Every structure is written in structure tokens, then in C-alpha cells.
Amino acid sequence: MQTIVLLQLLNRGSPVEIVYCYTCFVALNSLSCATNIFSAKFSALTEVLIDSIFDLSAAVLFPIITLVFCSYNFEFDRDVYLTYLEKLVPGSFEHTARLFADQSEIALFRVSFDSLRFSSRLDLVVRIALNLAFCYRLERVME
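Following the numbering used here, the numbering of the sequence shown begins with 8 at its first residue and continues without gaps.
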């Protein structure tokens, strides 16, 4: 499932930082699974707990990180915009705030933010599967 999410991020043209972050996350998850398989040091509870942490990260923390990334990288000069509001007549087309923002920042924000939306049935199925996997792992930890 995480590989499908990574492919969707690549297909949508998500920012490089987000793709690198998610790629490192998938690689780290794969490394932890390989470590659990090849070394018999960990108990079943430890294995389930580690997998639960990765499922939580994929289902909950990654969308939060994406929103923080969008918020951190988007800058809007509100003072300039307020100056234009004072000088222009009400109802003027120039009152639209997006005309005064950097278009590349708007595009970056929209691509990042749109990656969190369900744009196809596959998106919906993958997100539900990630959340169900996390719930299942959490239930196993609670037992």
C-alpha cells in the first residue's frame, strides 16, 4: 500500500522534498521488516509494535507533515495586499488575493494539498486500507 502511495506522489508531481521523505520512510519500513525476518531477536509483540508505528506514520503523520510543509513554504505578503485593498475600489478584480501571491508557491501548495484529497477510487481504497491496517495492528498491540 505504501508503494502505491509513493507511485501516486510521483505521478502527481509532488514536491521533491515530500517524495524523498516518503521514499526514506518506505525504505526504513522495508529495512525494519527485513531486520525482523532475518534476526530472531524480536518477539511477536515487538514486531507488531514496530509495524504499528509505521502504519500510524503512513496513515496519520504523513498527511500532517504534508500540511505543515505546505504551510511552511507558502508565504504571502499581507501588508502589500492590504495596501492594494485600501487603494483599489471595492469590487475590483485586483481584490483577488491569489493575484498578489507568488504563482510557483501557489502551484506547490496546490499540488501538495491535492495529494491529500481523494481523486480516484484507488486513492480512497488505499487510504482506507492504510487506516484499517493501522487499526488492526493497534488492536493486536492492545491484546
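Beta carbons are placed, not taken as given, at the ideal position from N, Cα and C, and that holds for glycine. All figures in this text were calculated on a predicted structure; none of them were measured in a lab.
With burial defined as no fewer than 16 other Cβ atoms inside 10 Å of the residue's Cβ, what is the status of Val-133: buried or exposed?
buried
Can we say the region 40-49 touches the region 131-145, given the rule of at least three CB pairs closer than 8 Å?
no
I'd like to check one pair, Ser-39 with Phe-69: are the Cβ atoms closer than 8 Å?
no
Ser-122 versus Leu-145 - alpha carbon distance
26 Å
Span of the alpha helix (DSSP H), counted from its first residue to its last, around Val-67
Counting along the chain, Val-67 falls outside any alpha helix (DSSP H), and DSSP gives it neither H nor E.
Taking the alpha-carbon positions, what's the Leu-17 to Ile-11 distance?
10 Å
Status (buried if at least 16 other CB within 10 Å, exposed otherwise) for Tyr-29:
buried
Boundaries (first-last residue) of the alpha helix (DSSP H) holding Phe-32
Segment 23-45, the alpha helix (DSSP H) holding Phe-32.
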